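Just below is one structure, and these are the notes that go with it.
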Amino acid sequence: MSKIMTVDVLSSIKGAQPSEAVNRLFDVIKNAQTTNNNSFNNNHNNCVSINNLRNDEVIESSTLEKQIIKENFPKEKDGYLVVSKVIEA
Amino acid sequence: MNKKISCVDLIQEKLSALKENAYNTVNTLLTELALEQAAKVDAKIANNETIGLLEGIPFGIKDVYMLQGTYATASSDLLKKYKSAYTATAIQKLLDAGAIPIVKENCDSFGHGSSSENTIFGAVKNAINPELVGGGSSGGSAVNVAKNYTVFSIGGDTGGSVRQPAGYNNIYGLKPTYGRISRFGLMAYASSTDCVGPLAKSVEDIRIVLNTMSGEDTKDQTTYTSESIEETSILDTTGIKTVGYFKNFIESEAIDTQIKEDFLASIEKIKAKGIKVKELDFFKSDILVSTYYTLAMAETASNLSRLDGTNYGDRIDDTNLKESYAVTRSEKFSEETKRRIVGGNQVLSQGFSDEIYLKGLALRDSISENFEKDFEEVDIILSPVTPSTPPKIGASLKNPLAMYLSDAYTVGFSLGQLPTLTVPQGTETGLQITAAKNNDELVLKFANFLKDTI
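Taken in order, these protein sequences are the chains called B and H. Going by this note's numbering, the first residue of the first sequence is number 1, and it counts up by one from there. Going by this note's numbering, the first residue of the second sequence is number 1001, and it counts up by one from there.
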């Protein structure tokens, strides 16, 4: 499937257009000279060592945390959290 | 001044001052929580229990941090009613040390800005001249410290957002080495440069707060274990032999004449103390700013994609799910935030990513390599904080490009993930002290040296 997506669709922002000020920043990058064009060949990543990965476990949220998460939900009706109309086929 | 005051009275005094203040620094006052904590401290003192260094000390929090049960708005319309479900690691460490949070502070929405005007709570006014901006994005935090409404505040620095407002309001502001303090519970702007940073009125306060918040955290796997910085180790300033500065920063046409003169006068005073000063070559300012904004916009477009009004935030319902997302985001994000999201999606798009985003990453690597070479030759790099003095309120919103370019001296150190401190000395907007990665101690040491030198 080939479909060109415009920035307003990509950004989920109605009528969004690229800005002149930002485009001028990008022009500087396009015209810049780099000594190294391979961005993956670097030693500056903040990678975590495989030995230090955190345990793959489910951590239960506190009751208070769960209650606040529900409070933050934008809509509630008859004890249910209401989502926007879902997905057309 | 030696004055005895109960903790409750102290907190009440600060809360009242914040409530009455006309600088637009407050998003939420944490009155109930703060007074409850203060009463506990008073009880401990009454029982002759030992209290820690930070116990009972009132502090402010930029409104992009989670503090369980309190609002975390990011100064945005979308999250104006959002309540933190949990507490950020850095803030929790301060709470554990007994410090008392009294205010969630005004800032640029999601950290998007250099003036603290991009906010639903009104532009933050400069502590020295209220007609000027407070700086940003941690403007409310800097002004609260400068006006003594808080003893210290916790800002967030992605491209200069602690250092620049610190400079504009004549206080200290530290961006530590990336990863020294956990970002867990800090709303993500550009994750690869986001840093938690303290603002305060003395090097000693910065040291204490930095030590309290630092450390490895499994909830932010970019964090590392660091050693506590001792008071005595930063008082002995004899170890610093060579200081460098970027020639092109000072020779730039954009720099204010007075800032340039004052900076060079500071360099002369440092030389007079027997320290060798070296001029260094560096990338042009427009390349630094463009590289930073390209990467930061790409990261923020990704980070803020979760804000669609589905699970939290202010939702506007429309005909279907996609329309609801789009209408919510269009109406609830500010113009500056939308500009950055759109810019980010532009550079991440097929056809553009190679010539802009990937090239930006390559430039970032070159910038980091440049720093590594520099720190083989010098111990410290000294820079002005900003090319100009703070603009008048209203000017930055009209000219976003000028606002981006005003970050010319701060963004490079963010890309390099280096520890950098603003000190309220040397120029009207201060000086920045930078050291090699993980050498935050040397930065504080040099700040103590400057206190006695200029």
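Using N, Cα and C, we set each Cβ at its ideal position, and we do this for glycine too. As the structure is a prediction and not an experimental result, all values here were calculated from the model.
### 9 angstroms Cβ cutoff met for H:Thr1070 and H:Leu1079
Translated into the one-based positions of the second sequence, residue 1070 of chain H becomes position 70. Translated into the one-based positions of the second sequence, residue 1079 of chain H becomes position 79. For H:Thr1070 and H:Leu1079, no; Cβs fall outside 9 angstroms.
### Query
Taking the C-alpha atoms as reference points, what is the distance between H:Lys1260 and H:Thr1212?
As a first step, residue 1260 of chain H must be located in the second sequence, where it is residue number 260. As a first step, residue 1212 of chain H must be located in the second sequence, where it is residue number 212. Computed Cα separation, rounded: 36 angstroms.
#### Entry: Own chain, CB closer than 7 angstroms to H:Ser1182, minus 5 neighbours either side, in chain order
In the second sequence, counting from the first residue as 1, residue 1182 of chain H sits at position 182. So the qualifying residues of the chain are Thr1089, Ala1090, Asp1217, Lys1219, Asp1220, Thr1223.
#### Entry: Cα-Cα separation, H:Glu1204 to H:Glu1230
Working through the second sequence from its first residue, we reach residue 1204 of chain H at position 204. Working through the second sequence from its first residue, we reach residue 1230 of chain H at position 230. Going by the C-alpha atoms only, they are around 10 angstroms apart.
### For H:Asn1399 and H:Thr1158, the rounded distance between their alpha carbons
Your numbering for residue 1158 of chain H matches position 158 in the second sequence. Your numbering for residue 1399 of chain H matches position 399 in the second sequence. Rounded to whole angstroms, H:Thr1158 to H:Asn1399 spans 21 angstroms at the Cα level.
#### Entry: Beta-carbon contacts of H:Ala1099 that lie in its chain and below 7 angstroms, excluding the five residues immediately before and after
Here the question's residue 1099 of chain H lines up with position 99 in the second sequence. Cβ neighbours of H:Ala1099 beyond the five flanking positions: Leu1054, Ile1057, Phe1059.
### Query
Under 9 angstroms, do H:Gly1136 and H:Val1151 count as touching if we go by C-beta distance?
The sequence position of residue 1136 of chain H within the second sequence is 136, counting from 1. The sequence position of residue 1151 of chain H within the second sequence is 151, counting from 1. Not in contact: H:Gly1136 and H:Val1151 (Cβ atoms no closer than 9 angstroms).
### Task
Count the other C-beta atoms from every protein chain shown that fall within 10 angstroms of the C-beta of H:Arg1340, then say buried if there are 16 or more, exposed otherwise.
Translated into the one-based positions of the second sequence, residue 1340 of chain H becomes position 340. Buried is the call here.
### Query
Looking at the unbroken beta strand (DSSP E) that takes in H:Pro1101, where does it start and where does it end?
The sequence position of residue 1101 of chain H within the second sequence is 101, counting from 1. Counting along the chain, the beta strand (DSSP E) containing H:Pro1101 begins and ends at 1100-1105.
### Query
For B:Val7, which residues from the same chain have a beta carbon less than 7 angstroms from its beta carbon, with the 5 sequence-adjacent residues on both sides left out?
If you number the first sequence from 1, residue 7 of chain B lands on position 7. Once the five neighbours on either side are set aside, the close Cβ partners of B:Val7 are Ala16, Pro18.
### Query
Just reading off the alpha helix (DSSP H) that H:Tyr1168 is part of, what are its end residues?
Within the second sequence, residue 1168 of chain H is the residue found at index 168, counting from 1. First-last of the alpha helix (DSSP H) with H:Tyr1168: 1163-1168.
### Query
Which residues, taken in chain order from the segment 1218-1231 of chain H, show a beta carbon closer than 7 angstroms to some beta carbon of chain B?
Thr1218, Gln1221, Thr1222
### Complete alpha helix (DSSP H) runs within the segment 1361-1400 of chain H (minimum length 4 residues, chain order)
1395-1398
### Task
Assess, as a yes-or-no matter, whether the segment 57-74 of chain B is touched by the segment 1292-1305 of chain H under the definition of 3 or more beta carbon pairs within less than 8 angstroms.
no
### C-beta neighbour in chain B for H:Phe1333, strict 9 angstroms
On the second sequence, residue 1333 of chain H is found 333 positions in, with the first residue counted as 1. For H:Phe1333, the answer is yes, since a Cβ of chain B falls inside 9 angstroms of its Cβ.
### Message
Considering only the alpha carbon of each residue, which of H:Phe1249, H:Asn1248, H:Gly1155 lies closest to H:Ile1206?
### Response
Taking the second sequence and counting its residues from 1, the one referred to as residue 1206 of chain H is at position 206. Nearest of H:Phe1249, H:Asn1248, H:Gly1155 to H:Ile1206, Cα basis: H:Gly1155.
#### Entry: Min CB distance B:Lys103 to chain H below 9 angstroms
Beyond the ends of chain B as shown, which are 1 and 89, falls residue 103 of chain B; an answer cannot be given.
#### Entry: Which residues DSSP lists as bridging H:Tyr1172, in chain order
As a position in the second sequence, residue 1172 of chain H is number 172, starting the count at 1. According to DSSP, which records beta bridges pairwise, H:Tyr1172 is partnered with H:Ala1200.
### Message
I'd like to check one pair, H:Tyr1023 with H:Lys1147: are the Cβ atoms closer than 9 angstroms?
### Response
For this step, residue 1147 of chain H is matched to residue 147 along the second sequence. For this step, residue 1023 of chain H is matched to residue 23 along the second sequence. For H:Lys1147 and H:Tyr1023, yes; Cβs fall inside 9 angstroms.
### Task
Identify the continuous alpha helix (DSSP H) that holds H:Asp1108 and give its terminal residues.
In the second sequence, counting from the first residue as 1, residue 1108 of chain H sits at position 108. Counting along the chain, H:Asp1108 falls outside any alpha helix (DSSP H), and DSSP gives it neither H nor E.
### Query
In its own chain, which residues sit with a C-beta less than 7 angstroms from the C-beta of H:Val1008, not counting the 5 before and 5 after it?
As a first step, residue 1008 of chain H is located in the second sequence; it is residue number 8 there, counting from the start. Within the same chain, H:Val1008 has close Cβ partners Leu1035, Ala1038, Ala1039, Asp1042.
### Message
Please list, in chain order, the residues of the segment 1308-1324 of chain H that have any C-beta partner in chain B closer than 8 angstroms.
### Response
Asp1308, Gly1309, Thr1310, Asn1311, Tyr1312, Gly1313, Asp1314, Arg1315, Asp1317, Asp1318, Thr1319, Asn1320, Leu1321, Lys1322, Ser1324
### Message
Measuring alpha carbon to alpha carbon, tell me which residue in H:Ala1298, H:Asp1256, H:Val1277, H:Asp1262 is nearest H:Asp1374.
### Response
As a working note, residue 1374 of chain H is residue 374 in the second sequence. Shortest Cα-Cα distance from H:Asp1374 to any of H:Ala1298, H:Asp1256, H:Val1277, H:Asp1262 involves H:Val1277.
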